[in-house]
Amino acid sequence: MNQYARMIVVLLIFSVLSGAVLGFSYEIANPKIQEQAKKDLEASIKNVLPGITKYEQVEKEGITFYIGLDDQGNKKGIAFKATGQGFGGPIEMMVGYDPKEGKLTGLQILSMSETPGLGARIKEPAFTEQFKGKSVNDPFIPKKDVQVITGATISPAGVASGIKSALEKVTKIYPVGGDY
Amino acid sequence: MANVILVSVLSMGGLSLLLGAGLAYASKKFAVETDPRVDEINEVLPGANCGACGYPGCSGLAGAIVEGKAPVNACLVGGPAVAQKIAEIMGVSAVEDTKEKKVARVLCQGGINEAKFKADYHGVKTCRAAAMVNGGPKACPFACIGFGDCAKVCPVGAITMSENGLPVIDEEKCTGCGLCVKECPKMVISLSPERNEVHVRCRATLKGKDTRDVCKVGCIACKQCEKVCPFDAIHVVNNVAVIDYDKCRNCMLCVEKCPTKTITSLFPARKKAVINDNCIGCTICAKNCPVNAISGEVKKKHEVNQELCIGCSICAEKCPKDAIVMVREKYNKNGGSCGDCAEAK
Amino acid sequence: MGEYKFLTTSSPHIHSGESVQRIMFSVAGALLLPTIAGVYFFGIRALILVLTTTLAAVATEAIFQVLRGKPVTIWDGSAIVTGILLALNLPPGLPLWMAVVGSVVAIGLGKMIYGGLGMNPFNPALVGRVFLTVTFPVQMTTWINPVDGTTGATPLALMKMQGISTDYVRLFIGNVGGSIGETSALAIILGGLYLIYRGYVDWRIPASYLGTVAVLSFILGKDPIFHLLAGGLMLGAFFMATDMVTTPVTKLGRIIFGIGAGIFVVLIRLYGGYPEGVSFSILLMNAFTPIINRLTIPRIYGEVKTR
Amino acid sequence: MLKTFKGGIHPPYNKELTKHKPVEKAKLPQKVVIPMSQHVGAPCEPVVKVGDHVKVGQKIGEAKAFVSAPVHASVSGKVVAVEPRPHASGAHVLSVVIESDGMDEVYEGVKPPKPLEELTPDEIKNLIREAGIVGMGGAGFPTQVKLSPPADKKIDTIIVNGAECEPYLTADHRLMVERPEDVVLGLRAIMKATGVSKAFIGIEDNKPDAIEAMKEAVKGFSDIEVVPLATKYPQGGEKQLINAITGREVPSGGLPMDVGVIVDNAGTCAAIANVLKTGMPLIERITTVTGAGVKEPKNLLARIGTPVGELIEQCGGFAGEPGKVIMGGPMMGISQSSLEVPVMKGTSGVLVLQKSEVKAVEPMPCIKCARCVDACPIHLLPTYLAKFAERGMWDEAERYHALDCIECGCCAYVCPANIPLTQLIRLAKNRILASKKK
Amino acid sequence: MYQLVKDFFNGLWNENPTFRMIIGMCPTLAVTTAAMNGIAMGLATTFVLMFSSLLISLLRNFIPAKVRIPCYIIVIATFVTVVDLFMAGYFPAMYKILGLYIPLIVVNCIIMARAEAFASKVTPLRAIADALGMGIGFTWAITLIGAVRELMGSGTLFGYHVLSENATHWVIMLLPPGAFLTMGILLGIMNVITRKNVRDTQCH
Amino acid sequence: MKELFFIIAGSVLVNNFVLSRFLGECPFLGVSRKLETAVSMGIATTFVLTMTSVATYFIQFYILEPFGLSRFLQIVSFILVIASLVQLVEMVILKTSPALYKALGIYLPLITTNCAVLGLALLIAIKRYNLIQSVAFGLGAGIGFTLAMALMAGIREEMEFADIPEALQGAAIVLITAGLLSMAFLGFSGLIPM
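Protein chains in written order, with the UniProt record's numbering: chain A, 1 to 180; chain B, 1 to 345; chain C, 1 to 307; chain D, 1 to 438; chain E, 1 to 204; chain F, 1 to 194.
Following this line, the structure appears as structure tokens:
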């Protein structure tokens, strides 16, 4: 039994020490990680809502909205996350929406696992820029009102349908021309 | 901060206690004993998995040794060094290697140049396959077929095929495992004690005339070797000369006599006895010399007539003072010249 | 009677006279039909592409063999078959250097690294074709319409993306966009039947392959005739899924091979990301071939069931 | 549909060379070499010494074991040597060499036995054993052993093998055309010896005259039926024949008697008939000497022990340059290196191929075309067996049933890559059996 | 001292974990779509390898044989988590790419293999020398693979355009097959260079 | 139901653990020489993967997350649990079914350090699957692993007969073959919405 006791004790010491070290490291690194995540979020919101300097976070019907404000505190648009189904998995994106105009103000792909060099080019501004100023009432059909990337049709279609389906909900909460 | 650390320490501690205790309990409850010596022996064995020991691979032998079914020196490839290590693991003293080392020798010289071909063989290029087609392409039914099955099976790479289509065995590398002996469909390879240097390189039991018809270097059963041998070590049995390796003293008289060069020795030159200053002149050597090559007066240093000496080394064995050394001049094992190849044996 | 030195061999002492070369050159001959059809529809460009891949394939094989110090065996005809087959799977407008890359990959990675003829697990031409599809997706999906030479979509892509079907007769004759050799079902069937007649192709594979695609697409509510005629299915079924080296040796195994490939094609065509799945399906079944062989060892004569 | 089996091949039969040539009696040889082992089983022990004088039909080799058959002098004359001599297998086998005195005197002990009707089964079996009769299709299994199955094996069918599926050979064909009643007599003896009341005579349909002759000969024997078979190699293989005629399958590793069948060659039946009629043991047989390498192919009734060279000379000698001399047919025969080898009990033919016919082709890599798989009458995977044999993977070869191979040669015949499949499988069998003996 | 140098250089070439021992294939294949990823993954692994080797070597006489594997795992997992946390906090861009594969350093055979086969038997100094050598050996190897894949797949090297902007990209190099093929071919080339037959080594 | 099917089919064909996620490469390269062993290894791994998916589900969602530990204790606790689980399974099998142990037992210790297991645990945490989904995912991953192992082993058995250039013998040819296999599996990409 002695042998087993020794085994358990050693294991226990290792785990406890490990727990301590990890807890300690977490305490140091965590603020940094949080800060980093916040920074990322802010950058993407600012990217899709040009001209804003800060934002407010609002929860409505299970969706998180980031309402962008400029220096003067004027509302400049709403950013929200949308998910589309791509070739290699879900495509996470941040969409900027201006309810007043009923138009999109920008699009940023947050994460995706599309084919590098092909579907992955939906990240590139050459693709995302086309959504800027696009009317939310557009059909969002690839090769019609959405330009696709040569050799890849599914990824852009995923983006387009992801935006469209998100917009369907969002435009009910924040109708075009309505207040927010 | 302290809170996070505390929680993590506690949960890790709890988790490990739980798992550790669980495993400890399980390992007690489900304990199954295995003998660690099996693994140890397995590590010592050469790992060639040649099967020469008769067990399926090295781990098979390791198991058998631990179970006491196989001796510690069962591995022929590993030799005494491995046997020693295994003996240590098993806690017994290494069994004294009473058997002297044997090596494989090719008992056929009928290569492409010497043997007559009776047919053009075409087909699978292995000896065994060729042997199954009309007994092989050579006219002599005892001839080496020459596709090198022995070389392929040798676990230590001691066998190479010569340009003449005969296997050449590197006796330094050969461990005497006997796999080639088993593999050869014509049974032209056999194991013989390493110290034996003279061999009849033919197994053809055909009548002398028939043998002469099929091979330039086959034994024609002329019995000249039998007559010349001073030690009664060679006899013609069933139309072919056979050496009694226990009696043969490597004197090479038969090698010199053989008209077909069927009998060969490993070395071109024979050893010669040389008497050094330890000699007290006891005359034992002179009395025992079968060719009367030693002379000298009592209590005086004796002399060996190098012309007559046949290198049988009886004198060296009989000498009470170890005053006789057998020396081979000019040649080393590989046939090149070498000035001082004194071999004490 | 004089002295004779006879030849001795193990039995049998007579031989059918069949040879690997004869098989390979017959296949190459049969491939001429779809090649001619391709050249007819896509013009001299297609011919140049065929010659390029064939030369590159043969050269690659020779270079590999010289580098390894092995005898050069390009005259067994297998590299020629691979070269032609690869070209027939390429869009007519593909840049020539890419075709060369395809040939090098097909022969190099697909065949020579496994030791050459007979030892490759995958069909070399398909290795080349799929490599190109994955590597140069844009160029490999730029199709030229026959006759007028404009670019357009293949019938399958039209069906998948826009739900547009294509006329059966055009599909059968081959007057549609697609790879050089895949468009004319007529030429392929003629060539394939010739090989079946010569006994160089086992009818089981094309039959089970095409049958599975037809039945499955019908069950899933699609047009079976369209799916049989469109895309590379015919070429695949008669010339690539029947490659002896990479398909099962047992009869039952070949049927399983065809069914498996058929299921994969329908799966990929109807639900997958690629409009066409013939190459992938055969390549996948090539991977399954050793296992199929293992599982379909025929019951030998008089085998006693032990259990 | 004619009865047949699954698999097999259609090689060119080349039987036209001899099929219409009546059997000729070969010249009495000057010297015969009679090997003590012409059969499956233990070799005989010679019972004569050098210098002894022997007469035709006199026993010169005694069978000591159960599975063995005695051998008899095929000429009268002096024993000049008892020593190992080249044998069709390539090995040197202990043989008795008799120099003929040209008298062809018959041994006194050779007397016709009682008529078949009066013989008991045991007496028939004893006659067959003493006459040294073995399977004359090639394998040479002692016939009497075949007729004495262990008590637990119930035999209900006898099949006479008249398929003669080997290309070129016409010995059985001519026998059935010329002496059908002998075949039937021998068969009836076998039926009586084993107490079986159903017999078939299987003949490939490329021998319509033999079928006709046999049908005529069995008229009046309602228990004997002549069965025409599809012409396909190896239709005459024991297992294939049983399968084609009865639909039964001999179990793997088993013998025909395991499915209640005994198969005997037509030649064996005729040899039994000869014993019944004259009392003369097996000292001669019909041998087809044929092939493009022979000037005048013939069917010869040759004495056992005649060197094949003599037979070839009687057929006008070699035509063109001979490349290969084969004892037996081209599919399963053994190629010879010497013309000294003697005709034996199982020598159904001597085939000489011209040099131009036998070019040795280097094998190419296997392209897995599976022609061998389709051709194998046992449904083996020869391609895999050969690969295992090439790499010494004997255990795998055994698992893939290498031991069931009947060495018919179909796989190697069809292989486009010229791989010596049959030889490789034979090698594997040899190794597997060798390791089993240990 | 000589021994330390030898231990260090051992991992660089003779017993290079990637090209000679063929272990740690998962990260090798997974993250090498770009040269930079290789460096980052390599350094992260080196860090874990060094500290865990050091610790295991220090404690080698204290750990009972029966629980040594769980102990090693805890040590390794702890260092990996530390790397994970700090990478997420300080190198977020790289963290996003390497993502799942940082935690998987835990089960990278290289670390376990060195702990079990080397660190647990030698002095701490030798353990560090070996870990450093192995780590750097791993790093250069996967950086090389990453470089090849990046160059062919994206036309860039460490993110800089090396080939003409219009050069055709070999998309396959960035996909899973490209990883296997590149690794296989590089391995073949390495074998040719050393003219030695590498026997198929497996993990543990 | 459909979703579970997608999870399984997806992890077998589309995102095969070995051929597209690069998890479990070590056994894939090392233990794929013989079909029988490869399949045994695959089954043993599938077993452990399925068990792990259950265990990690509970640890992640009932211990780590409620106490806010998942960010930094995840790796350590997962690997500890996996190691103990494997050892426990090994001991239980050894005691209860020696026949099963003979077939699977020798592979079990190898599985602890199979990245596929830890990878699965982490992926379950990332994808936030529920219990049933987790099990399906574990099962699918195992089947995919077994499939890849079996295919590779089948090809390698045939490769025994091939005359592979010396420089490519061993791991190199296996890697290239894996590349071609993975290329063939690309045909499934985009097949199932994941």
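Note that beta-carbon positions come from the ideal geometry of N, C-alpha and C, so glycine has one too.
Kindly identify the DSSP beta-bridge partner or partners of residue i.
i, result
"glutamine 336/D", "Val325/D"
"glutamate 83/D", "Ser95/D"
"threonine 160/B", "Val168/B"
"phenylalanine 388/D", "Answer is none; phenylalanine 388/D lacks a bridge partner."
For chain B, check one thing: does any of its Cβ atoms lie closer than 8 Å to the Cβ of residue i?
i, result
"isoleucine 8/A", "yes"
"serine 10/C", "yes"
"residue 198/F", "In this structure chain F extends from 1 to 194, so residue 198/F is not present and cannot be described."
"lysine 5/C", "yes"
"isoleucine 14/C", "no"
Which residue's Cα is closest to the Cα of residue i: the options?
i, options, result
"alanine 157/C", "Arg254/C, Leu295/C, Met240/C, Glu276/C", "Glu276/C"
"valine 192/E", "Met91/F, Pro165/F, Phe137/F", "Pro165/F"
"glycine 116/C", "Leu13/F, Met159/F, Arg128/F", "Met159/F"
"serine 97/E", "Phe79/E, Gly38/E, Ala141/E", "Note that residue 97/E corresponds to isoleucine in the displayed sequence, not to serine. Nearest option by C-alpha distance: Gly38/E."
"glycine 128/C", "Phe257/C, Thr141/C, Asp76/C, Val101/C", "Val101/C"
"phenylalanine 8/E", "Lys121/E, Ala127/E, Ala44/E, Thr33/E", "Ala127/E"
"serine 192/B", "Gly148/B, Cys154/B, Val181/B", "Val181/B"
"methionine 280/D", "His72/D, Val183/D, Ala81/D", "His72/D"
"residue 349/B", "Gly22/B, Lys301/B, Cys225/B", "Not covered by the structure: residue 349/B. The range shown for chain B is 1 to 345."
"valine 27/C", "Thr151/C, Thr246/C, Gly232/C, Gly192/C", "Gly192/C"
Can you find a CB in chain C that lies within less than 8 Å of the CB of residue i?
i, result
"methionine 159/F", "yes"
Would you mind stating whether residue i and residue j have Cβ atoms separated by less than 8 Å?
i, j, result
"leucine 12/E", "alanine 29/A", "no"
"arginine 249/B", "phenylalanine 267/B", "no"
"valine 75/E", "isoleucine 56/E", "yes"
"isoleucine 284/B", "cysteine 309/B", "no"
"tyrosine 413/D", "proline 11/D", "yes"
"methionine 134/E", "arginine 149/E", "no"
"valine 236/B", "lysine 227/B", "no"
"serine 134/F", "serine 53/F", "yes"
"alanine 139/B", "lysine 116/B", "yes"
"valine 183/D", "leucine 175/D", "yes"
Give the residues of chain F in contact with residue i, contact being defined as C-beta atoms less than 9 Å apart.
i, result
"phenylalanine 65/A", "Within chain F, no residue comes near phenylalanine 65/A; the closest Cβ sits about 22 Å away, beyond 9 Å."
Could you name the residues of chain E that residue i contacts, counting a contact when the two beta carbons are closer than 7 Å?
i, result
"glutamine 108/A", "In chain order: nothing, as chain E lies at least about 14 Å away."
When the cut-off is 8 Å and only beta carbons count, does residue i lie next to chain D?
i, result
"lysine 118/B", "yes"
Step through the CB atoms of chain F and report whether any lies within less than 8 Å of the CB of residue i.
i, result
"lysine 21/D", "no"
Interface residues of chain B around residue i at Cβ under 7 Å?
i, result
"leucine 11/A", "Ser16, Gly20"
Quick one: is residue i near chain A, going by C-beta distance under 8 Å?
i, result
"serine 189/F", "yes"
Chain E partners of residue i, CB-CB under 8 Å?
i, result
"valine 134/C", "Val171, Ile172, Leu175, Pro177"
Report yes or no: is there a C-beta of chain E within less than 8 Å of the C-beta of residue i?
i, result
"methionine 51/F", "no"
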